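Q: Which chain is which? The protein sequence lines are A and B, in order. Note that numbering that gives the first Met the number 0 numbers the first sequence so that position 63 is 62, with each residue one more than the last. Note that numbering that gives the first Met the number 0 numbers the second sequence so that position 370 is 369, with each residue one more than the last.
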Amino acid sequence: MQLVTAIIKPFKLDDVRDALAEVGVNGITVTEVKGYGRQKGHTELYRGAEYIVDFLPKIKVETAVSDDLVERVVEAVVQSAQTGKIGDGKVFVHKLEEVVRIRTGETGVEAI
Amino acid sequence: MENQIFELQYAIDTFYFLVCGALVMWMAAGFSLLESGLVRSKNTVEILTKNISLYAVACIMYMATGYALMYDGGFFLQGIEAFDLNSVLADSAENGFDGGSVYSPASDFFFQVVFVATAMSIVSGAVAERMRLWAFLVFAMVLTGFIYPMEGSWTWGGKEVFGMFNLGDLGFSDFAGSGIVHLAGASAALAGVLLLGARKGKYGKDGSTIAIPGANLPLATLGTFILWMGWFGFNGGSVLKLADAANAHSVAMVFLNTNAAAAAGLVGALLTARALFGKADLTMALNGALAGLVAITAEPSTPTALQASLFGLIAGVIVVFSIIGLDRLKIDDPVGAISVHGVIGLFGLLLVPVTNAGSSFSGQLIGAATIFGWVFLTSLVVWSVLKMTMGIRVSEEEEYEGLDIGECGMEAYPEFTSST
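Rendered as C-alpha cells:
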C-alpha cells in the first residue's frame with residue numbers, strides 16, 4: 000500500500016478529483032495548505048504600500064492506494080493538475096504500513 | 000387655523016431634527032465597522048469597545064456639561080423638559096414662515112449630541128491598534144465635555160473667542176461642521192498620534208512604509224455605506240428647518256449635493272489610486288467617498304450639483320496624496336482619519352467662499368486656525384498628562400498579541416473553546 004500526497008494548484012482540484020475517480024480511487028482527503036517552492040511568494044498592495052505574501056495557497060490531496068494502482072494514480076494526478084506553468088505542485092509517494100477502517104476494524108488493502 | 004399650522008410646523012421641524020439626529024447616530028455604527036475592518040483581527044474587540052463606549056461617554060458628557068458650555072443652557076440639561084404652547088405659538092408667529100426654526104429644545108440637544116460623538120469617533124481610528132482603552136476613554140470625557148463644546152461655542156454658539164474676536168463677524172461659516180466637527184476630531188487625533196507613535200512594524204528602518212492590511216474589507220465597505228447614509232442627516236439636518244417651501248428645497252439640495260460629492264470623491268480616489276499604484280485600491284476609494292462628504296459638509300446648500308461633484312472629486316484626489324504624505328512623515332493613521340477629516344476638513348472650509356458670498360477666505364482661515372490651535376493644543380496637554388500618569392500605549396508584547404486579549408480579555412473569533 001502506498002500513500003500518495005499531491006500538492007496542486009487550488010483551481011485544479013475538480014480536475015484531479017475526477018481523474019482519480021476515473022482510475023478507481025475510493026476516497027481522498029483534501030486540505031487547504033500554504034507553502035512555497037520555486038514559485039516563491041508574490042507581492043500585494045495595500046494603501047499604496049507593497050507587501051510580500053511569502054506563502055501561496057495550495058491544495059493538498061491525499062489518498063491511500065494499493066500497490067498495483069500507484070502508477071496510474073500518480074499519472075492521473077500529474078496529467079490532470081498540469082498547466083505547464085511554474086507552481087503546478089508536486090506528488091509524493093510514501094510507503095504505507097497499515098490502514099484500519101474504523102467502522103468495521105478491517106485492515107490492509109481491504110480497508111482502503 | 001393659523002395656530003394649528005404653527006403647531007404642525009413645530010411638529011414637522013422637530014420630527015425632522017429627530018430623524019436626522021438618528022441618522023447621524025447611525026454614523027457611529029459606520030465608524031465602528033470601518034475601523035474594525037481596517038485593523039487586524041486581533042484588535043477587533045478592542046476597537047469595537049472603544050467605538051461604542053466613546054459614543055456612550057459622549058452622550059453623557061455632552062448632557063452633563065457640553066451642551067451648557069456650548070449654548071448657555073443649564074448643566075444636565077436643566078429646564079429642557081419644560082413646554083409652553085403659548086411661547087411656541089408666539090415664536091412661530093414671529094419666525095414661523097420668515098426666519099429661524101421653532102422646534103423642541105430636546106430635539107436640538109439630540110441633534111447636537113450625535114455630532115460630538117462623531118468628532119470623537121474620528122480619534123479612535125487614528126490611534127487604533129496601540130492605544131490603551133482606558134486612557135482613550137478618559138480623553139473622550141475631556142474632549143466631549145469640554146474641548147469640543149468650547150470651540151463649538153465660538154462657532155455655532157456665536158460667542159467670542161475668550162472675549163477677543165467673534166468668528167461669525169470675521170466671515171467664518173461652517174454649515175454642518177467640516178471644521179467644527181471633522182477638523183476638530185482630526186486635530187485631537189493628530190495630537191494623540193504624535194505622542195503615541197506608529198504601530199510596531201509600520202515603517203522600515205530605511206523609512207519605507209510597510210503595509211498592515213486590514214482584516215475585513217466587507218466590514219470597512221459596509222461602514223462607509225453607513226457613514227454615507229448617516230451623512231444625509233448630518234448635512235440635511237443642519238439646514239435646521241424643513242417646514243416651509245424654501246427650506247424644504249434647501250434640505251433637498253443638501254441631500255443632492257452631499258450625495259454628489261461623495262460619489263465624485265470615491266471616483267476621484269479610485270482613479271488616483273489606479274494611476275499611482277496600478278491597482279484599484281478599495282480602501283483608498285472608501286476614504287475618497289468620505290473625503291467628498293467631509294469637503295461638502297462646510298457648505299452643502301449653495302453649490303450647484305456640478306460644483307458639489309467637482310469639490311468632491313478634488314477632495315478624493317487630495318486625500319490619497321495626503322495619506323501617502325502622512326506615511327512619509329511617519330504619522331501612522333491606520334484608517335486615514337487625519338487625512339479624511341483634517342486635511343479635507345480644512346479644504347472644505349476653504350471651499351465655502353467659492354459659493355457662499357456671506358463668508359470670506361480670511362474668516363475661514365482664522366476659523367480653521369482657531370479650531371485647530373485650540374483642539375490640538377488642549378488635546379496635546381491632555382494626552383501628555385495621560386501619558387505621564389496612566390500611560391497611553393500598550394506594552395510591546397500586548398501590541399503583538401493583540402489588544403483584544405490584553406484590554407478586553409476576549410477574541411472576536413474564538414476557536415477551540417471549552418467551558419471547563
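Idealized CB from N, CA, C, for every residue including glycine. The structure displayed is predicted, hence computed values, not measured ones.
Please state whether DSSP places K8(A) in a helix, a strand or coil.
A: If you number the first sequence from 1, residue 8(A) lands on position 9. Coil at K8(A), not helix or strand.
Q: Quick check on the DSSP output: the beta strand (DSSP E) that includes Y50(A) runs from which residue to which?
A: Taking the first sequence and counting its residues from 1, the one referred to as residue 50(A) is at position 51. Segment 48-52, the beta strand (DSSP E) holding Y50(A).
Q: Classify G482(B): buried if its beta carbon has 16 or more other beta carbons within 10 angstroms, exposed otherwise.
A: Nothing about residue 482(B) can be read from this structure; chain B reaches only from 0 to 419.
Q: How about A5(A) and V64(A): do their beta carbons lie closer than 8 Å?
A: By 1-based counting over the first sequence, the position of residue 5(A) is 6. By 1-based counting over the first sequence, the position of residue 64(A) is 65. No, Cβ-Cβ distance for A5(A) and V64(A) is not below 8 Å.
Q: Taking only beta carbons into account, state which residues of the region 197-215 of chain B come closer than 7 Å to chain A, listed in chain order.
A: Taking 7 Å as the Cβ-Cβ cut-off against chain A, the residues of the region 197-215 of chain B that qualify are T208, I209, A210, P212.
Q: Taking the beta carbon of D280(B) as the centre, do at least 16 other beta carbons fall within 10 Å, making it buried, or is it exposed?
A: As a working mapping, residue 280(B) is identified with position 281 in the second sequence. The residue is buried, with at least 16 neighbouring Cβ atoms inside 10 Å.
Q: For the alpha helix (DSSP H) containing I58(A), list its first residue and its last residue.
A: Here residue 58(A) corresponds to residue number 59 of the first sequence, with the count starting at 1. Per DSSP, I58(A) belongs to no alpha helix (DSSP H); it is in the beta strand (DSSP E), 55-64.
Q: For a cutoff of 8 Å on Cβ pairs, would you count L55(A) as touching chain B?
A: As a working mapping, residue 55(A) is identified with position 56 in the first sequence. So, not an interface residue.
Q: Going by C-alpha distance, which of M62(B), T282(B), G324(B) is nearest V113(B)?
A: Taking the first residue of the second sequence as 1, we reach residue 113(B) at position 114. If we check each option's Cα against that of V113(B), M62(B) comes out closest.
Q: Secondary structure at A6(B), three-state DSSP: helix, strand or coil?
A: Stepping through the second sequence from its first residue, residue 6(B) is reached at position 7. Note that residue 6(B) is Glu in the sequence shown here, rather than Ala. Helix at E6(B).
Q: Thinking C-beta only, is I330(B) closer than 8 Å to V192(B)?
A: The sequence position of residue 192(B) within the second sequence is 193, counting from 1. The sequence position of residue 330(B) within the second sequence is 331, counting from 1. Yes, Cβ-Cβ distance for V192(B) and I330(B) is below 8 Å.
Q: How would you list, in chain order, the residues of chain B whose beta-carbon sits under 9 Å from the beta-carbon of R102(A)?
A: As a position in the first sequence, residue 102(A) is number 103, starting the count at 1. Ordered by position in chain B, no residue passes the 9 Å Cβ test against R102(A), which lies about 27 Å from the chain.
Q: Which one or two residues does DSSP pair with T106(A) in a beta bridge?
A: Position 107 of the first sequence, counted from the first residue, corresponds to residue 106(A). Answer by DSSP bridge pairing, in chain order: V99(A).
Q: Which residues bound the alpha helix (DSSP H) around H181(B)?
A: Stepping through the second sequence from its first residue, residue 181(B) is reached at position 182. Looking at the DSSP string, H181(B) is not in any alpha helix (DSSP H), and its letter there is neither H nor E.
Q: Please report the residue range of the alpha helix (DSSP H) in which E298(B) lies.
A: For the purposes of this step, residue 298(B) is taken as residue 299 along the second sequence, with counting starting at 1. Per DSSP, E298(B) belongs to no alpha helix (DSSP H) and is neither H nor E.
Q: Find the nearest neighbour of G29(B) within the set V380(B), P302(B), G362(B), I225(B), judged by alpha-carbon distance.
A: Within the second sequence, residue 29(B) is the residue found at index 30, counting from 1. Ranking V380(B), P302(B), G362(B), I225(B) by Cα distance to G29(B) puts I225(B) first.
Q: Using beta carbons (cut-off 8 Å, strictly below), is M409(B) in contact with chain A?
A: For the purposes of this step, residue 409(B) is identified with residue 410 of the second sequence, where counting begins at 1. So no, M409(B) is outside the interface.
Q: Flag this pair as touching only if the region 57-77 of chain B and the region 107-122 of chain B have three or more C-beta atom pairs under 8 Å; answer yes or no.
A: At 8 Å Cβ cutoff, the stretches touch.
Q: Short of 6 Å in beta carbon distance, which residues of its chain neighbour G144(B), apart from the five on each side in sequence? Order them along the chain.
A: The residue labelled residue 144(B) in the question sits at position 145 within the second sequence. M60, T64, G65.
Q: Taking Cβ positions, are F307(B) and N256(B) nearer each other than 8 Å?
A: Indexing the second sequence from 1 puts residue 307(B) at position 308. Indexing the second sequence from 1 puts residue 256(B) at position 257. The displayed chain sequence assigns Ala, not Phe, to residue 307(B). Yes, these two residues count as a Cβ contact at 8 Å.
Q: Is R392(B) helix, strand or coil by DSSP?
A: Working through the second sequence from its first residue, we reach residue 392(B) at position 393. Strand, per DSSP.
Q: Less than 8 Å between the C-beta atoms of V32(A) and K57(A), yes or no?
A: Residue numbering aside, residue 32(A) sits at position 33 when the first sequence is read from its first letter. Residue numbering aside, residue 57(A) sits at position 58 when the first sequence is read from its first letter. Yes, the pair counts as a contact, with Cβ atoms nearer than the cut-off.
Q: Less than 8 Å between the C-beta atoms of I7(A) and V73(A), yes or no?
A: To locate residue 7(A), count along the first sequence from 1; it is residue 8. To locate residue 73(A), count along the first sequence from 1; it is residue 74. No, Cβ-Cβ distance for I7(A) and V73(A) is not below 8 Å.
Q: Just to confirm, is the Cβ distance from A272(B) to G291(B) under 8 Å?
A: Stepping through the second sequence from its first residue, residue 272(B) is reached at position 273. Stepping through the second sequence from its first residue, residue 291(B) is reached at position 292. No. Outside cutoff.
Q: What is the residue span of the alpha helix (DSSP H) that F110(B) lies within?
A: Mapped onto the second sequence, residue 110(B) falls at position 111. Run containing F110(B): 104-125, per the alpha helix (DSSP H) assignment.
Q: Who pairs with F164(B) in a beta bridge, going by DSSP?
A: Taking the second sequence and counting its residues from 1, one reaches residue 164(B) at position 165. Note: F164(B) sits in a beta bridge opposite V160(B).
Q: Run through DSSP, which three-state label would M409(B) get?
A: On the second sequence, position 410 is the one that residue 409(B) refers to. It is coil, neither helix nor strand.
Q: Taking only runs of the alpha helix (DSSP H) that begin and end inside the region 29-70 of chain B, which ones reach a length of at least 4 residues, in chain order?
A: 43-60, 66-70, all fully within the region 29-70 of chain B.
Q: Which of the three DSSP states, helix, strand or coil, is assigned to F254(B)?
A: For this step, residue 254(B) is matched to residue 255 along the second sequence. Note: F254(B) maps to helix in three-state DSSP.
Q: Let me know the secondary structure DSSP gives Y35(A) once reduced to three states.
A: For the purposes of this step, residue 35(A) is taken as residue 36 along the first sequence, with counting starting at 1. In this structure, Y35(A) counts as coil in the three-state DSSP scheme.
Q: Is the CB of L328(B) under 8 Å away from at least one CB in chain A?
A: Position 329 of the second sequence, counted from the first residue, corresponds to residue 328(B). With 8 Å as the cut-off, L328(B) does not count as an interface residue toward chain A.
Q: Spatial neighbours of E80(B) within its chain, please: C-beta separation below 8 Å, excluding the five flanking residues on both sides.
A: Indexing the second sequence from 1 puts residue 80(B) at position 81. Within the same chain, E80(B) has close Cβ partners A105.
Q: Just to confirm, are M0(A) and D87(A) a CB contact at a threshold of 8 Å?
A: Numbered from 1 along the first sequence, position 1 holds the residue referred to as residue 0(A). Numbered from 1 along the first sequence, position 88 holds the residue referred to as residue 87(A). No.
Q: Here's the rule I'm using: 16 or more other beta-carbon atoms within 10 Å means buried, otherwise exposed. How should R37(A) be labelled?
A: As a position in the first sequence, residue 37(A) is number 38, starting the count at 1. Under this definition R37(A) is an exposed residue.
Q: Is the shortest distance between the beta-carbon of Y45(A) and the beta-carbons of chain B less than 8 Å?
A: Along the first sequence, read from residue 1 onward, the residue named residue 45(A) stands at position 46. Chain B contact via Cβ: present.
Q: In terms of DSSP beta bridges, what is M130(B) paired with?
A: Here residue 130(B) is taken as the residue at index 131 of the second sequence, counted from 1. Paired residue(s): R392(B).
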